[in-house]
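For reference, the structure discussed in these notes is given below.
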Amino acid sequence: MDIGNPTISDAYDVIVLGAGAGGMAAAVVAANEGLQTLVIEKTAYVGGTTALSGGMVWAPNNSKMGSVGGADTADAAQTYIDETAGEGGGAVLRRSFLREAPRAIDYFDRNSHVQLTPLAFYPDYYPDAPGATLGGRVMEPVALDARELGEAFTLLRPPLPEFTLFGSMMVARPDIAHFRQIFRSPASALRVARLLLSYAIDRISLHRGANLVLGNALAGRLLKSLLALNVPIAVNTTTKRLVKEDNRIAGVEIETSSGSKVLRARRGVVLAAGGFSHNPDLRKRLLPPEADMHSAASEGDSGDGLNLALDAGGYISEDNVSNAFWAPISRFTRADGSPGIYPHTVTDRGKPGMLAVNADGRRFTNESNSYHDFVQAMFRTHNQSPTIPAYLICDRQSIWQYGLGAVKPMTLRLAPYLRGGYLIKAATLEELARKIGVDPNHLVATVDLYNADAVHGIDTAFGRGSNAYHKYVGDPANEPNPCMRPVATPPYYAVKLYPADLGTAAGIRTNGDGAVLDRNDDPIAGLYACGNDMNSVMAGAYPGPGITLGPALVFGYLAAMHMASGGEAKPRA
Ligand SMILES: Cc1cc2nc3c(=O)[nH]c(=O)nc-3n(C[C@H](O)[C@H](O)[C@H](O)COP(=O)(O)OP(=O)(O)OC[C@H]3O[C@@H](n4cnc5c(N)ncnc54)[C@H](O)[C@@H]3O)c2cc1C
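In terms of the working numbering, the sequence shown opens at residue 6 and continues consecutively.
Printed below as a string of structure tokens:
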């Protein structure tokens, strides 16, 4: 088989559009259930935004959580989501998700190379809400040695270079602590030396580091599963239209370098093209204008799935609490001249000695809340006092310890970041205020109050450090509050933050099997959607880590099982 450019037959049982988590999950299950399956991917790479992501998978009541001391029930998870995400477009799907998630995760565990492991401590984002858990619901992909992909490794979308060392060395979450302690712990120094040696060996023969973790491991594991099942994957292939016959979707017309071709799909077509992050028209219609075109999603996610579903008689849910999943980003130009963005998810914002202010020089939210809530606060307060951009502020010690956006921890030379204007530096807070255009008196007063609160360990303004999630993103070694310490040692630094989506939440309305619904809420025969093409199970709320990839895997599984059963609900053991 020619990897990425296979010979394409005229007919398959299942045709999947999009090789991200949703699409590859559907294809793995369909092929494993004996259906002849084809994956079509528009870009040159497999993996989509999934490959760029943290790879966390929210899987309530999964069968492995007991192994890390977690306990859960579908009812507890239902209570938690209802409390934190409300009703809206996701309510119907939620029951299906909660009932099937444990089964789907077990299915992948038994029948594919997708192996996930629960995390003992990774709290839900509202840990004090009824039904919340502090760990076990969140699973991460087991690391993958990319050599196991053979020549298909070149097909896998690389991670964001800013999330790696030396441009392509991925670092697993537990190893970050070893890098931080490299000068203090001989065991950590040894671990880091091993990792560096292993990376150096990889680079002798490979185009990038082979130790895949996070979202790259998830995408790599899905890809490995497809290879094992001999599922053809056609990259650089676009879909011109869905073929409709006898009131059902019967195939797709594709466009390749050798021309267009109609392919028949006997059981169904799965739309898994990753949502509309890069579609200007849909953004204009569904997202706040302040978000502009900023997106951390991969470039192929441009609304094709939604538009194909609309043409076929489907519709987009418009009753979500948010139509996208948000994170603050900073912007810069890479050494090669390409534009870069850094999503400030968990690395810096919630750490001690970091605070965010608006154009008025005042804090506007709890910096240790989730990235999604942080951006919601930017939108909410922007009308009263400009908060886009906002500024993340800290001193040199905090950059050294935690990094600041694209500037990694323990960076000796900040000059390149200052020259390019990414970092703004000043000897005093007054000077920093003038450089970022805010009232110096306000900024000094804001930092003074923050510093005084940090000494006492109580954030009188926003309650930073008051719950388990804040503590998770803070620094447990910092006392009395893991999220606060005085910003007191000049020079001071600032970086500009803008809202960007990590993926879109508004999507095609489906039923609990992932079947696309028409305006009467009847399934359109032969058409399914999953991943971010499907409307969010959470109705655009972000109650915990992994709430897009969890549903992407589960509904990919459900759609494939539905097709395997010939469109009837299949009894599942
Ligand atoms: C930095 C970052 C970190 C994140 N971390 C997490 C996390 O830890 N947990 C979590 O749950 N979520 C996370 N997310 C969000 C998550 O990555 C996405 O929601 C998820 O990957 C979407 O999966 P998908 O399968 O729908 O789309 P994708 O993974 O984007 O895959 C869609 C694929 O379809 C292709 N495509 C598009 N149009 C067509 C077409 N016409 N024909 C064929 N192919 C097409 C695209 O090129 C792409 O390869 C993160 C996002 C970012 C940016």
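Positions of the beta carbon are idealized from the N, C-alpha and C atoms, including for glycine.
Predicted model, so just to flag it, every value in this text is computed and none were measured.
Between Ser68, Tyr131, Glu295, which has its C-alpha nearest alanine 546's C-alpha? Comparing Cα-Cα distances from alanine 546 to each of Ser68, Tyr131, Glu295, the minimum goes to Tyr131.
Can you check whether the CB of glycine 27 is closer than 8 Å to the CB of alanine 277? Remark: C-beta atoms of alanine 277 and glycine 27 approach each other more closely than 8 Å.
Taking only the alpha-carbon atoms, compute the straight-line gap between alanine 5 and leucine 121 and give it to the nearest angstrom. Outside the shown range of the chain, which is 6 to 578, sits residue 5, and nothing can be said about it.
Limits of the beta strand (DSSP E) - the one that alanine 16 falls within: For alanine 16, the enclosing beta strand (DSSP E) stretches over residues 16 to 22.
3-residue-minimum beta strand (DSSP E) runs that sit fully inside the stretch 220 to 299, ordered along the chain: Within the stretch 220 to 299, the complete beta strand (DSSP E) runs of at least 3 residues are 243 to 250, 253 to 261, 264 to 276.
Closer than 7 Å: alanine 277 CB and nearest ligand 1 heavy atom: Because some heavy atom of ligand 1 lies under 7 Å away, the Cβ of alanine 277 counts as near it: yes.
Hey, how far is the Cα of phenylalanine 369 from the Cα of proline 237? Rounded to whole angstroms, phenylalanine 369 to proline 237 spans 50 Å at the Cα level.
Return the CA-CA distance between phenylalanine 102 and alanine 31, expressed in angstroms with no decimal places. Phenylalanine 102 and alanine 31 have their alpha carbons spaced roughly 15 Å apart.
Where isoleucine 259 and lysine 245 are concerned, what is the direct C-alpha to C-alpha distance, given to the nearest angstrom? Distance between the alpha carbons of isoleucine 259 and lysine 245 is about 6 Å.
Opposing strand residues paired with lysine 430 [DSSP bridges]: DSSP, once it has assigned bridges, lists Tyr498 as partnering lysine 430.
Can you tell me where the alpha helix (DSSP H) with proline 128 in it begins and where it stops? No alpha helix (DSSP H) contains proline 128, which DSSP labels as neither H nor E.
Are there any heavy atoms of ligand 1 lying less than 7 Å away from the beta-carbon of threonine 553, as far as the coordinates show? Placement of the Cβ of threonine 553 at a distance of less than 7 Å from at least one heavy atom of ligand 1 is found.
How is aspartate 111 classed by DSSP in three states: helix, strand or coil? Aspartate 111: helix per DSSP, three-state reduction.
State yes or no: is the C-beta of glycine 136 within less than 8 Å of the C-beta of leucine 124? For glycine 136 and leucine 124, no; Cβs fall outside 8 Å.
In DSSP terms, what serine 335 is bridged to: According to DSSP, serine 335 shares a beta bridge with Tyr347.
Distance, Cα to Cα, histidine 461 vs glycine 442? Cα to Cα, the separation comes out at about 30 Å.
Can you tell me the Cα-Cα spacing of alanine 473 and tyrosine 498, whole angstroms? Our two residues, alanine 473 and tyrosine 498, have alpha carbons roughly 28 Å apart in a direct line.
Quick check on the burial criterion: 16 or more other C-beta atoms within 10 angstroms. Buried or exposed for arginine 290? By the neighbour-count criterion, in which 16 or more other beta carbons inside 10 Å mark a residue as buried, arginine 290 falls on the exposed side.
May I ask you to check if the CB of glutamate 167 is nearer than 7 Å to at least one heavy atom of ligand 1? No, the Cβ of glutamate 167 stays beyond 7 Å of every heavy atom of ligand 1.
Between which two residues does the beta strand (DSSP E) containing valine 449 stretch? Element bounds for valine 449: not the beta strand (DSSP E) but the alpha helix (DSSP H), 445 to 461.
Is methionine 61 near ligand 1, in the sense that its beta carbon is under 7 Å from a heavy atom of that ligand? Placement of the Cβ of methionine 61 at a distance of less than 7 Å from at least one heavy atom of ligand 1 is found.
Quick one: any contact between the stretch 9 to 19 and the stretch 41 to 54, if contact means 3 or more CB pairs under 8 Å? Yes: at least three Cβ pairs fall under 8 Å.
First and last residue of the beta strand (DSSP E) that includes glutamate 484? No beta strand (DSSP E) holds glutamate 484; DSSP gives it neither H nor E.
Could you tell me the distance, in whole angstroms, from the CA atom of asparagine 325 to the CA atom of isoleucine 393? C-alpha separation (whole angstroms): 23 Å.
Could you round the C-beta distance between aspartate 150 and alanine 205 to whole angstroms and report it? I think they count as a contact, below 8 Å. Not really, about 15 Å apart at Cβ, beyond 8 Å.
Compute every distance between the C-beta of leucine 57 and the non-hydrogen atoms of ligand 3, then say whether any falls below 7 Å. As presented, the structure is devoid of ligand 3, carrying ligand 1 as its sole ligands.
Own chain, CB closer than 7 Å to valine 478, minus 5 neighbours either side, in chain order: Closer than 7 Å at Cβ, skipping near neighbours: Val351, Gly355, Ser373.
Proximity of glycine 53 and glycine 74 at Cβ, strictly below 8 Å: Note that the C-beta distance between glycine 53 and glycine 74 is not below 8 Å.
Own chain, CB closer than 8 Å to glutamate 262, minus 5 neighbours either side, in chain order: In the sequence under discussion, the amino acid at residue 262 is serine, which differs from the glutamate named in the question. Excluding residues within five positions, the ones whose Cβ falls inside 8 Å are Asn241.
Nearest-angstrom Cβ-Cβ length linking leucine 228 and valine 51, presumed shorter than 8 Å: With 8 Å as the limit, leucine 228 and valine 51 qualify as a contact, their Cβ atoms being about 5 Å apart.
Under 8 Å between the Cβ atoms of threonine 494 and valine 362? Judged by their CB atoms, threonine 494 and valine 362 are not nearer to each other than the 8 Å cut-off.
If distances are taken between C-alpha atoms only, which option among Ala420, Tyr347, Ala35 comes closest to phenylalanine 113? Nearest Cα to phenylalanine 113 within the set Ala420, Tyr347, Ala35: Ala35.
Would the stretch 511 to 529 count as touching the stretch 305 to 314 if we require 3 or more Cβ pairs under 8 Å? Contact between the stretch 511 to 529 and the stretch 305 to 314 is present: 3 or more CB-CB pairs across the two stretches fall below 8 Å.
Verify the contact flag: asparagine 537, CB atom, against every heavy atom of ligand 1, threshold strictly below 7 Å. Asparagine 537: yes, Cβ under 7 Å from ligand 1.
Pick from Leu57, Gly256, Glu167 that is closest to leucine 161, judged by C-alpha positions: Among Leu57, Gly256, Glu167, the Cα nearest to that of leucine 161 belongs to Leu57.
C-alpha distance - glycine 468 paired with isoleucine 8, whole-angstrom precision: Glycine 468 and isoleucine 8 have their C-alpha atoms spaced approximately 52 Å apart.
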